[in-house]
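Chains as they are written, first to last, in my numbering: chain A, 17 to 273; chain B, 17 to 273.
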């Protein structure tokens, strides 16, 4: 049974303010809870229905995680999703060191990504393409927002994600580090040289890469729209931020094949 | 001023059942309404606040579209979005002929895409990459669902989208037509031959390509995950359906240079 204090505490973690006070966050849904139990994250408590607890007894015991059996009706009082799930974990937000100073692989840098679904999807793309580090500007949506966690499908637990002053971070890098940014007038990603290491900047959903960050970009790239017939040049004005990220990461990795 | 019959009629169009009865749908938001006014679609009525009507007087008059001035409070009673927008159009669902029988370009075929955001995003990707035709299985989410319309950002008005029995459609094609489908064990899209024309099947969000459709696939392809270090092979289990579509379309178009 859930106490009213537990309900209150869990619900408070849906807000960034309380996540920062308690240094805790929620991971909800059967898959996400299993993923976090198998990760390096410290899980403080699992709230789950009897069936789920029974099915996942081994992993709970081997991780020595404390758990509380709740009814689906009780889950409704604590869920962060549109409908209650069989399991919800409360976990510790790990202390992060500063972002890396030596860039010897591809790194994504997010310049003010605001949509939780986009951030989650970008983390999942990074995980697929073996990109281990993401740097987020301080104004980017919070990684521990329940909607972000949901959209990552567990990939967040395998990637190092830092929040920092993006301009300062880029300024601190060795001048040899390539900084790629997507602009309508950039060179086609299909033909321009792409290095095996460097920073790929992803801009805000509506305004793109900010002026101060664009000054740091060393290589302006673009994803060309395909126009078969020059009489019909009308096409989508832009691609969604996470779609553009996927196409860019795919092309970088293809070259490294 | 809006009559209660108008409010009732507009709200009914949020449901597929009534869209099919009236053969009408909603396009909401300033950008989407402008896009539909510039398209081949027949707009029956525009409901908008005074400012928007003033700004868009020219396009309304040149298209001879009837319009109703409403307050933002009235927009709240008819909006299909989470917050009311300055303009909403009621338009006619066009009569579609059957899908094409001759395949002389790339065509997307959606095998049971259920998420409105995914369908909208896939349509926007197709528009970007100059893919003019999308075939949807009958169980796919309805194109005229307001959430799909929203996610297309107007691209739906530039693409031919057909709903049909996908298995029958694929069976009716000439046996020379390539039918590409993504499978975990398929050949890497980065190295396998890709034709300039053919069908690209996109599977359902959770179950992928159905068994009966997979029998029709002539070329099994895959998007390889990037694994740098064979000691760390753990990565995202899959990519979202619209993310996979973007990567595949990008690679087809890259080859066509």
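Even for Gly, the Cβ is constructed at its ideal location relative to N, Cα and C. Model, not experiment: these values are computed from the prediction.
Inter-stretch contact (C-beta, 8 angstroms, three-pair minimum) for the stretch 223-236 of chain B and the stretch 174-184 of chain B: yes
Of all the options 270/B, 178/B, 245/B, 231/B, which has the alpha carbon lying nearest to the alpha carbon of residue 114/B? 178/B
Determine the chain B residues that contact residue 57/A at a beta-carbon separation under 8 angstroms, and present them in chain order. Within chain B, no residue comes near residue 57/A; the closest Cβ sits about 14 angstroms away, beyond 8 angstroms.
Where the stretch 87-99 of chain B meets chain A: residues whose CB sits under 9 angstroms from a CB there: none
Helix, strand or coil at residue 224/A [DSSP, three-state]: strand
Within chain A, the residues that residue 241/B reaches when beta carbons sit closer than 8 angstroms: 144, 145, 146
Presumed contact (8 angstroms Cβ cut-off) between residue 160/B and residue 41/B, rounded CB distance: 4 angstroms
Give the range of the beta strand (DSSP E) segment to which residue 27/A is assigned. Here residue 27/A belongs to no beta strand (DSSP E); instead the alpha helix (DSSP H) covers 20-28.
If I measure Cβ to Cβ from residue 92/B and keep anything under 7 angstroms in the same chain, skipping five residues before and after, which residues do I get? 100
Looking at the secondary structure, which residues open and close the beta strand (DSSP E) in which residue 185/B lies? Element bounds for residue 185/B: not the beta strand (DSSP E) but the alpha helix (DSSP H), 182-188.
Find the residues of chain A that neighbour residue 196/B, judging by a C-beta separation of less than 7 angstroms, and give them in chain order. In chain order: nothing, as chain A lies at least about 16 angstroms away.
Which residues, in chain order, does the stretch 158-171 of chain B contribute to contact with chain A at a C-beta distance below 9 angstroms? 167, 168, 169, 170, 171
Reduced DSSP secondary structure (H/G/I, E/B, other) of residue 8/A: With chain A running from 17 to 273 in the structure shown, residue 8/A is simply not present.
Pull up the distance between the alpha-carbon of residue 167/A and that of residue 239/A, whole angstroms please. 24 angstroms
With H, G and I counted as helix, E and B as strand and the rest as coil, what does DSSP make of residue 203/B? strand
Hey, could you find the ends of the alpha helix (DSSP H) residue 108/A is sitting in? Careful: residue 108/A lies outside any alpha helix (DSSP H), inside the beta strand (DSSP E) at 103-108.
Which chain A residues sit within Cβ distance under 8 angstroms of residue 3/B? What the structure shows of chain B is the stretch from 17 to 273, and residue 3/B is not part of that stretch, so it cannot be assessed.
Mind checking the stretch 223-241 of chain A against chain B and listing, in chain order, the residues whose C-beta falls within less than 9 angstroms of any C-beta there? 239, 240, 241
Taking 8 angstroms as the threshold (beta carbon to beta carbon), is residue 131/B in contact with chain A? no
So, residue 164/B versus residue 107/B, is the Cβ gap smaller than 8 angstroms? no
Could you compute how far the alpha carbon of residue 24/B sits from the alpha carbon of residue 82/B? 19 angstroms
Give me, in chain order, the residues of the same chain whose beta-carbon lies closer than 6 angstroms to that of residue 170/A; leave out the 5 immediate sequence neighbours on both sides. 48, 51
Are residue 262/B and residue 141/B touching if we call contact CB-CB under 8 angstroms? yes
Beta-bridge pairing of residue 41/A - partner residues as DSSP gives them: 107/A
So, for residue 175/B: in the same chain, excluding its five sequence neighbours on each side, which residues have a beta-carbon less than 8 angstroms away from its beta-carbon? 139, 142, 143, 147, 148, 149, 150
Going by the beta-carbon positions, is the gap between residue 211/B and residue 194/B smaller than 8 angstroms? yes
Looking at the C-beta of residue 203/B, does it have a partner C-beta in chain A at a distance below 8 angstroms? no
Starting from residue 179/A, follow its DSSP beta bridges and name the residues at the other end. 152/A
For the beta strand (DSSP E) containing residue 218/B, name the first residue and the last one. 214-218
Alpha carbon of residue 125/B to alpha carbon of residue 206/B, nearest angstrom: 21 angstroms
Can you find the residues in the same chain that come closer than 6 angstroms, C-beta to C-beta, to residue 133/A, ignoring five residues on each side of it along the sequence? 167
Is residue 159/B helix, strand or coil by DSSP? coil
Taking 8 angstroms as the CB-CB cut-off, is residue 25/B touching chain A? no
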